[in-house]
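Remarks on the structure that follows.
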Amino acid sequence: MAVGIFDSGLGGLTVLNAAQKRLPDVTFLYYGDNARAPYGVRDAEDVYQLTKQAVHDMWSKGCDLVILACNTASAAALRRMQEEGLPKGKRVLGVFVPLIEALTERQWGDNSPPREVEVKHVALFATPATVASRAFQRELAFRAIGVDVEAQACGGVVDAIEDGDMILSEALVRSHVDALMRKMPKPQAAILGCTHYPLMEKEFQAALGENVKVFSQGNLVAESLADYLERHPDMAGTGEGGYFTTGDPKRVSDRATQFLRREITFQAA
Ligand code: DGL
Numbered sequence: 000m001a002v003g004i005f006d007s008g009l010g011g012l013t014v015l016n017a018a019q020k021r022l023p024d025v026t027f028l029y030y031g032d033n034a035r036a037p038y039g040v041r042d043a044e045d046v047y048q049l050t051k052q053a054v055h056d057m058w059s060k061g062c063d064l065v066i067l068a069c070n071t072a073s074a075a076a077l078r079r080m081q082e083e084g085l086p087k088g089k090r091v092l093g094v095f096v097p098l099i100e101a102l103t104e105r106q107w108g109d110n111s112p113p114r115e116v117e118v119k120h121v122a123l124f125a126t127p128a129t130v131a132s133r134a135f136q137r138e139l140a141f142r143a144i145g146v147d148v149e150a151q152a153c154g155g156v157v158d159a160i161e162d163g164d165m166i167l168s169e170a171l172v173r174s175h176v177d178a179l180m181r182k183m184p185k186p187q188a189a190i191l192g193c194t195h196y197p198l199m200e201k202e203f204q205a206a207l208g209e210n211v212k213v214f215s216q217g218n219l220v221a222e223s224l225a226d227y228l229e230r231h232p233d234m235a236g237t238g239e240g241g242y243f244t245t246g247d248p249k250r251v252s253d254r255a256t257q258f259l260r261r262e263i264t265f266q267a268a
């Protein structure tokens, strides 16, 4: 009954890594749908179907709690899966809320009405599907007023990262930041709204300049998971974990080892 961490590919490892550091006694099961990544260029129905399929596979591998460590999947599938009803004892959580609570200076679960917050100009970098969903803006509007969000759909970045082409990823990051800054010359904060992007966080920060506060999800999601497990100790991960992929385990293991700088061995899902 490990805690499941799901992503379309390698990006969720940024969340897993932070969660493993924050919760060293918890067992995690990572699942990357690398064979079908990127999700961010697919339509919402497609992302929903693929996410549902992967989550069912994770449940059958023994996870009770699955974190969608993928913004694209969180935007297209989380609410729909929850509304359709989950099997008894199974839970699915997403990655938007901890980030938006940090941006809007809220404690976990503070559901008071939206209010003015410090930050007024926010740059959002995400996949085309996440940007099209407007899910960030919707979650933000529940918590804050008067925040101007400029979104940049970062086509190509996830593919380049999945291919391990860091030179191309860096060039794409620079060009997406340029495009964003033509629309919003002085963002105060930038949201890395795709779990692949923290792998390029230094490049985002360098292109944005040091005055822009960059928010990424790893530590924020890990902290919120720790809080959740404290309130729901029965959902804490124990037993068998591991790394599963729908892609080529050798190739995915090599990339994961390169990104996390420690030996990671995937097996076929
Ligand atoms: N890591 C996923 C996310 O957070 C990437 C989606 C994709 O596969 O395009 O959105």
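Residue numbering for the sequence shown follows numbering that gives the first Met the number 0, starting at 0 and increasing by one per position. Built from N, CA and C at the ideal position, the CB exists for glycine as well. Small disclaimer: the values here were computed from a predicted structure and weren't measured.
If you keep only unbroken alpha helix (DSSP H) runs of at least 4 residues inside the stretch 75-159, you get 78-83, 95-102, 127-132 and 134-140. In summary, Glu161 is buried, with 16 or more beta-carbon neighbours lying within 10 Å of its beta-carbon over all protein chains present.
What you get when you keep residues with a C-beta closer than 6 Å to any heavy atom of the ligand DGL is Asp6, Ser7, Gly8, Gly10, Ala36, Pro37, Tyr38, Gly39, Cys69, Asn70, Thr71, Thr126, Thr129, Val157, Cys193, Thr194 and His195. For the 7 Å CB-CB criterion, Ala43 and Ala75 form a contact.
Under the DSSP assignment, Phe258 falls in the alpha helix (DSSP H) whose first and last residues are Pro248 to Leu259. When only Cα atoms are considered, Ser59 and Lys87 end up about 13 Å apart. Judged by DSSP secondary structure, Asp6 falls within the beta strand (DSSP E) whose first and last residues are Val2 to Asp6. Beta-bridge partners assigned by DSSP to Gln266: Phe243. Judged by their CB atoms, Ala17 and Gly241 are not nearer to each other than the 7 Å cut-off. With a threshold of 16 other beta carbon atoms within 10 Å, Gly108 falls short and is exposed.
By the 16-neighbour rule on beta-carbons within 10 angstroms, Phe141 is exposed. As far as DSSP is concerned, Ile166 takes part in no beta bridge. Between Asp6 and Gly31, the C-beta spacing is below 7 Å. Closest by C-alpha distance to Glu115, out of Leu102, Leu219 and Pro127, is Leu102. Taking the Cα of Val46 as reference, the smallest distance to any Cα among Ser174, Asp63, Gly61 and Arg79 is reached at Arg79. Here Met0 is not near Gly93, since their CB atoms are 7 Å or more apart.
Considering only Thr26, Leu77, Gln106 and Leu9, the residue with the shortest C-alpha distance to Glu222 is Gln106.
Distance from the CA atom of Gln151 to the CA atom of Ala170, rounded to whole angstroms, is 15 Å.
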